[in-house]
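Student: To start, I am sharing the structure in question, which I have written as structure tokens.
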Amino acid sequence: MSLSVGVGLTNDCNLACAHCYRPMDQVYHLTLEQIMTVCDHLPVHAVGMGTGENGLHPQFLRIVEYLQERGVKLTMASNGYSLNTIPDEWLQAFHDVEVSIDFPTEGEHDFFRGVGNWKDVHAAMERCRRFGIPASILSTLMNVNYDKLEGLVQLARSLGANLRVNVYQPVGTDEFCLTYEQFWEGYRSLFASARLVSCSEPVVRAVLGLGPAVSPCGRQSVRITPQGWVIPCVYWPGGSLTVEDVPSLGMAILDTSEFQAARQVPPSVQDCPCLGGCASRRALSGNLDQHDVYCPWVREEEIELDVELAPERELLRASNVCTTIVV
Ligand code: SF4
Ligand code: SF4
4 MSLSVGVGLT NDCNLACAHC YRPMDQVYHL TLEQIMTVCD HLPVHAVGMG
54 TGENGLHPQF LRIVEYLQER GVKLTMASNG YSLNTIPDEW LQAFHDVEVS
104 IDFPTEGEHD FFRGVGNWKD VHAAMERCRR FGIPASILST LMNVNYDKLE
154 GLVQLARSLG ANLRVNVYQP VGTDEFCLTY EQFWEGYRSL FASARLVSCS
204 EPVVRAVLGL GPAVSPCGRQ SVRITPQGWV IPCVYWPGGS LTVEDVPSLG
254 MAILDTSEFQ AARQVPPSVQ DCPCLGGCAS RRALSGNLDQ HDVYCPWVRE
304 EEIELDVELA PERELLRASN VCTTIVV
């Protein structure tokens, strides 16, 4: 088995969005040597860069060069800054990219992220288009935009891009958490206006009857934070493993207690179709052994979603994090 590893080279960023999950106490950078350690001791076939704005890492180009030389497929999520500033040669090293847009209009988007960012993300998408690099829109589904998904679909369509939706997780604050009703209303309007490419958000996947509800967390998803923590999911609270543990553990890192906890199905949900849903969501709320807060079965409710499926596409991120991609 080879791994798609999520890497936050840095938590540094040129913006200061209110819903951000990156650590804010100080700036951390992974080193090139730490990246080499990970690649030397784990079967890494792909690296997805996220967390902060990776182009702000002082060794960014050297790290991209190293990963490219190793034949590692690269993706990056960006607020536009990195995609607009890195040299052409390095931009072309990326297999596909994502730009963060959480609202469908310039006014709403810039109010939330900062004045001028709408133009930056659009410039980034245009630059990627010129180089033939597929660029998707990445939206965080929150209580402030769950009713904007139709507009986001239309925006993605007008730009010839896929829309990828991740549910907000309360890492720093629960201010943007969706209620149960908002969660399902968001997905209902998403699927009413777009065709589904893939869905690995476990509760939604279970409702759609798209095969096993189990998500990749703790199984084949490994995340490296800017501080050097090795965790099963980018939202996983706490951590005890670091990059320095990787040489001695290798793939046995998946057998450690943290990774086991992320994939464990709690006894109380063994018979539930969503198998507990999202482990990080349960862990962040202090209810790791309970049902997912968005589980309809524990409420004895039935959720009906009308979905039109698009042909499945090969998108690196579709297989390694819980996400929903529509076109
Ligand atoms: S652009 Fe991304 S990394 Fe930067 S502050 Fe906003 S959410 Fe956080
Ligand atoms: S489903 Fe898994 S990968 Fe997704 S947020 Fe939850 S724990 Fe993380």
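Read in order, the letters of the sequence shown correspond to residues 4 to 330 in our numbering. C-beta: ideal position from N, C-alpha, C; glycine also. These numbers come from a predicted model, not from an experiment.
In whole angstroms, what separates the C-alpha of I104 from that of Y171?
Tutor: Walking along the sequence shown from the start, residue 104 turns up at place 101. Walking along the sequence shown from the start, residue 171 turns up at place 168. Rounded to whole angstroms, I104 to Y171 spans 14 Å at the Cα level.
Student: Could you check which residue in G53, L86 and M4 has the C-alpha nearest to that of N120?
Tutor: Along the sequence shown, read from residue 1 onward, the residue named residue 120 stands at position 117. That would be L86, whose Cα lies nearest to the Cα of N120.
Student: Just to confirm, does A282 get its C-beta within under 6 Å of one of the non-hydrogen atoms of ligand 2?
Tutor: The residue labelled residue 282 in the question sits at position 279 within the sequence shown. Yes, since a heavy atom of ligand 2 falls inside the 6 Å radius drawn around the Cβ of A282.
Student: Report the rounded CA-to-CA distance for V75 versus S5, giving the unit in angstroms.
Tutor: Translated into positions along the sequence shown, residue 75 becomes position 72. Translated into positions along the sequence shown, residue 5 becomes position 2. Approximately 11 Å between the Cα atoms of the pair.
Student: Does the region 256 to 272 come close enough to the region 53 to 64 to have 3 or more Cβ pairs within less than 8 Å?
Tutor: Not touching, per the Cβ criterion.
Student: Do the CB positions of C277 and P205 come within less than 7 Å of each other?
Tutor: As a first step, residue 277 must be located in the sequence shown, where it is residue number 274. As a first step, residue 205 must be located in the sequence shown, where it is residue number 202. Yes, these two residues count as a Cβ contact at 7 Å.
Student: Quick one, are the C-beta atoms of Y238 and S283 less than 7 Å apart?
Tutor: Position 235 of the sequence shown, counted from the start, is the residue given in the question as residue 238. Position 280 of the sequence shown, counted from the start, is the residue given in the question as residue 283. Result yes, Cβ atoms of Y238 and S283 sit closer than 7 Å.
Student: Any residues whose CB sits closer than 6 Å to a heavy atom of ligand 1? List them in chain order?
Tutor: In chain order, the qualifying residues are C16, L18, A19, C20, C23, R25, G55, E56, N82 and S103.
Student: What does DSSP give as the partner residue(s) for T245 in the beta ladder?
Tutor: One-based indexing of the sequence shown puts residue 245 at position 242. In DSSP, T245 forms a bridge with W232.
Student: Any idea what DSSP makes of E311, helix, strand or coil?
Tutor: As a first step, residue 311 must be located in the sequence shown, where it is residue number 308. DSSP places E311 in coil when its eight states are reduced to three.
Student: Given V41, which residues of its chain have a CB within under 7 Å of its CB, disregarding the five upstream and five downstream residues?
Tutor: For the purposes of this step, residue 41 is identified with residue 38 of the sequence shown, where counting begins at 1. So the list reads V8, V47, I227, V246 and V249, once near-sequence residues are dropped.
Student: Indicate, with yes or no, if ligand 2 has a heavy atom lying under 6 Å from the CB of C275.
Tutor: Position 272 of the sequence shown, counted from the start, is the residue given in the question as residue 275. No, ligand 2 has no heavy atom inside 6 Å of this Cβ.
Student: Assess contact between the region 157 to 170 and the region 124 to 143, defined as three or more Cβ pairs (one per stretch) separated by less than 8 Å. Is contact present?
Tutor: Yes: the two stretches touch, three or more of their Cβ pairs being nearer than 8 Å.
Student: Does the Cβ of R198 have 16 or more other Cβ atoms within 10 Å, making it buried, or fewer, making it exposed?
Tutor: Counting from 1 along the sequence shown, the entry for residue 198 is found at position 195. With fewer than 16 other Cβ atoms within 10 Å, it is exposed.
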